[in-house]
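Reviewing the structure listed below.
Protein chains: 2
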Amino acid sequence: MINEFYKARLGGKSVIRELSEYATARGQEIGYENVFDYSLGNPSVPVADDYTKAMIRLHEESDPMDLHGYSPSLGNTAVRGIVADSLKRRFGVPYETKHIFMTSGAAGAIAHALRAVTKPGDTVLGFAPFFPEYMPYVNDTGAVLRLVPADTEHFQINFDELEKLFDDNVAAVLINSPNNPSGAVYSEATLKRLCDLMRQKQKEYGHDIFLISDEPYREIVFDGKTVPYPSAFYDNSLSCYSFSKSLSLPGERIGYVAVNPKATDADILAIIFGQISRGIGHNCPSSSVQQAVAQVIDETSDLSVYETNMNLLYDMLIRLGFTVERPGGTFYIFPKALEDDAVAFCKKALAYDLILVPADSFGAPGFFRMAYCIDTEKVKRSIGAFEKFVKEEYKG
Amino acid sequence: MINEFYKARLGGKSVIRELSEYATARGQEIGYENVFDYSLGNPSVPVADDYTKAMIRLHEESDPMDLHGYSPSLGNTAVRGIVADSLKRRFGVPYETKHIFMTSGAAGAIAHALRAVTKPGDTVLGFAPFFPEYMPYVNDTGAVLRLVPADTEHFQINFDELEKLFDDNVAAVLINSPNNPSGAVYSEATLKRLCDLMRQKQKEYGHDIFLISDEPYREIVFDGKTVPYPSAFYDNSLSCYSFSKSLSLPGERIGYVAVNPKATDADILAIIFGQISRGIGHNCPSSSVQQAVAQVIDETSDLSVYETNMNLLYDMLIRLGFTVERPGGTFYIFPKALEDDAVAFCKKALAYDLILVPADSFGAPGFFRMAYCIDTEKVKRSIGAFEKFVKEEYKG
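First to last, the sequence lines map onto chains L and F.
For the first sequence, our numbering assigns the number 1 to the initial residue and increments by one for each residue that follows.
For the second sequence, our numbering assigns the number 1001 to the initial residue and increments by one for each residue that follows.
See below:
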């Protein structure tokens, strides 16, 4: 018999997917270049050239057994070492090979991190607004995701609400900075306060509480800043990374978990991830992709277009009277809708071929998300549509 | 806190891994060419040239967004269609795109198949001798693997024992033909009898019982035969495939599940697999690897060395008086040890630098496995060591 748990899910359709399908259908009518599709968080810049060169060279010159043979179950050992060195050099956390576990993107990283440090029934605390896939990521492990309501002013952490939700059952705290959907980057002050609180709670409850940090947007930051590295602030931390956004490789499914060397059981956590893999059928990302990313470990695609687009949209939104926090990174911006009901707002926008995503499913009703990983020319052309939309619907 | 369920596993070391580590260490002493390492089932022939050419061409010529962009969550749609066409053409089962779900090898395929058609507490029936990773594959879903004792004569199915174990709680039957470790290929008669019994049990218990068929060795068959295709015999069947062995790509983690078009809920099973992926962090195999295998869908590496090696070993074993069934495929042979205790037998063989795996962990005590995916020259050189071993230890 088909498993009813999964079957029951088929009814619920993702708002993002529905909007994206609408955009595609509308594009067939009027030309996709005329649809201002801000729905999907898909990188819009090509992969770094050096990655392509590395893959071609590997296929031309490597021993096929080395290139395509089984990786050890924790990932290619040399690749793990290169990742450890890079993180150590960049963020000052003394990772070694044994602390790195290669995964199928950030989704795989989070799947392993969660299973390793929670058991069914445990609470995982997350923060609104949040990436909706965190729901199945957490809940399918048997743990339960509880959401701290949003700090809707600056999209840092609402500490009053966090303290209210913290109890003895909390096994892990899941953060995402730079943040999808808000574009916010947690400040050092935010991270320090969060980690101080977590240390205090570990003491109070007498057990480990892990910080699981989802960092696919780590390399996409604006205004010349860098992202404070969460693991530098807290020993029991697991950094979950994906090369999807930094190298524009989302389809290649390549990332890792980095275990803080001072975490409880730091020396065996990667081995435990390997045990988890046996049951969930993961068994490593592609061996050739692992070897290719290792050759370009500190490179990124040309990510500058995202900042260009952000500036265009931010300036426009401010000019049109939106309440919006300036994103510190990612390729998202997260303004307040011009009416309380963001679903209604986004529906009206469709008449102007503006595809905006209401943030109800992100846990922040009244806001909407724009994913500006699209051509700058299209962003520019969308501004007229936006002005018309706001003028006719809200200032008419 | 670290999850104790996974932590508890760390003590148990795989016999195969231990032997393989011994072989490596011994190789450092006397030269690996002098260690007759029959422990690991790792393909020993290079990937098909056309695959390499396809990968290089894709990286040189494709739009990087198409090559590296997110696959739809069920796999690249065109690739799924190509897989469906190939299976339909080869085996006469009328698959369409919607019946194919791309996975990270056979491990990923089985992980999804099991979760889709069982619920925690259900029984999955397997057959000794069996691939030991079936234990975590099944048991980590919450279902329970129960093993039908081996038919130690021909390594077909012990139907008397199967009927004894069959009850209302059985949700799926897991088969593997050609078989690791026995090398046996289920005959048409075996498959027909199994499927007749399953149809009868479906009727008797009033619910679906799925056949999950693990087929990574489908293309490695001997004596000019072909493998009867299990899905052709039974509607409720899920074929789990990997390109690891046929194309020598184990590290690339690429395979699929093919849902029989006549299965219950055949049109939504792939979509359910997609739902399962959300929780286990799978989200598709590498996009470029998917596209490359699709270009060589009906090709294999030059697999003839496995048959050459099998013939050499089979003839030697028979000559030396072993009881052994002639393998129909795979790169394994599965003789009876020359004493009741196969562990003791394999231990003695180590003194002759013969690395043989006792089959206790495969559920067939008294037998041992030889993985002959090694150079033919080494197989030839091992024969002298084998003769000496048998003569000195058992006929001295």
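Glycine is no exception: its CB is placed at the ideal position from the N, C-alpha and C atoms.
Query	Result
Closest Cα partner of L:TYR134 within the set L:SER213, L:GLU204, L:PHE155	L:SER213
Collapsed DSSP secondary structure at L:PRO230 in the structure displayed	helix
8 Å Cβ cutoff, F:GLY1105 in contact with chain L	yes
Identity of the residue in F:PHE1155, F:GLN1156, F:PRO1149, F:ALA1172 nearest F:LYS1164 by Cα	F:PRO1149
Distance between F:CYS1346 and F:ILE1356 (C-alpha atoms, nearest Å)	Per the sequence shown, the amino acid found at residue 1356 of chain F is Leu instead of Ile. The straight-line gap from Cα to Cα measures roughly 6 Å.
Alpha-carbon to alpha-carbon, F:LYS1336 and F:TYR1306	21 Å
Separation of F:TYR1070 from L:ASN42, as counted between CA atoms	8 Å
Short CB-CB distance (under 8 Å) between L:ARG80 and chain A	Any reference to chain A falls outside this structure, whose protein chains are L and F.
Distance, F:LYS1201 Cα to L:VAL79 Cα	50 Å
Through-space distance from F:GLU1061 to F:SER1287, alpha-carbon basis	15 Å
Any C-beta of chain L under 8 Å from that of F:PHE1050	A quick correction: the sequence has Asp, not Phe, at residue 1050 of chain F. No, F:ASP1050 does not count as interfacial toward chain L.
Contact with chain L by F:VAL1289, beta-carbon distance below 8 Å	yes
Proximal residues to F:ALA1128 (C-beta, below 8 Å), its chain only, five neighbours per side dropped	LEU1147, VAL1148, PRO1149, ALA1150, PHE1362, GLY1363, ALA1364
Burial state of F:THR1226 (16 or more Cβ within 10 Å)	exposed
Residue from L:GLU4, L:HIS99, L:GLU215, L:ASN169 whose Cα sits closest to the Cα of L:ALA330	Position check: residue 330 of chain L holds Thr in this sequence, whereas Ala was assumed. Taking only the C-alpha atoms, the option nearest L:THR330 is L:GLU215.
Proximity below 8 Å, CB of L:LEU211 to CB of L:ILE157	no
Contact with chain F by L:SER248, beta-carbon distance below 8 Å	yes
Cutoff 6 Å; reference F:ASN1176; Cβ partners in own chain excluding five residues on either side	ASP1214
8 Å Cβ cutoff met for L:LEU10 and L:PHE273	no
Residues from the region 1243-1270 of chain F in contact with chain L, defined by Cβ distance under 9 Å	SER1244, LEU1247, SER1248, LEU1249, PRO1250, GLY1251, GLU1252, ARG1253, ILE1254, THR1264, ASP1265, ILE1268, LEU1269
Within 8 Å of chain L by C-beta, residues of the region 1112-1126 of chain F in sequence order	HIS1112, ARG1115, ALA1116, VAL1117, THR1118, LYS1119
Those runs of the beta strand (DSSP E) which lie wholly inside the region 163-246 of chain L and span at least 3 residues	170-175, 210-214, 237-242
Of the listed residues L:LYS203, L:LYS192, L:THR323, nearest to L:TYR234 (C-alpha basis)	L:LYS192
F:ILE1100: first and last residue of the uninterrupted alpha helix (DSSP H) it sits in	Here F:ILE1100 belongs to no alpha helix (DSSP H); instead the beta strand (DSSP E) covers 1100-1103.
Selected residue, minimal CA-CA separation from L:ARG326, among L:SER182, L:ALA8, L:GLY12	L:SER182
Contact set between L:GLY108 and chain F, taken where Cβ atoms lie within less than 8 Å	GLY1281, HIS1282, ASN1283
Close-in-space but distant-in-sequence residues of the same chain around L:ASP340 (CB under 7 Å, 5 per side omitted)	GLY366
L:ARG434, DSSP secondary structure in three states	Here chain L comprises residues numbered 1 to 396, so residue 434 of chain L is not present and cannot be evaluated.
Continuous alpha helix (DSSP H) assignments of at least 4 residues falling wholly in the region 1017-1099 of chain F	1049-1061, 1064-1068, 1077-1091
Chain-ordered chain F contacts of L:LYS7 [CB-CB under 7 Å]	ILE1272
Nonlocal neighbours in the same chain, by C-beta distance under 7 Å from F:ASP1267, ignoring five residues either side	LYS1098
Unbroken alpha helix (DSSP H) run spanning L:ALA258, endpoints	Not the alpha helix (DSSP H): L:ALA258 falls in the beta strand (DSSP E), residues 255-259.
6 Å Cβ shell around L:PRO132 - same chain, five flanking residues per side excluded	SER361
For L:ALA84 and L:PRO120, the rounded distance between their alpha carbons	31 Å
Residue-chain proximity (L:LEU197, chain F), Cβ-Cβ < 8 Å	no
Range of the contiguous alpha helix (DSSP H) that encloses L:LEU317	304-319
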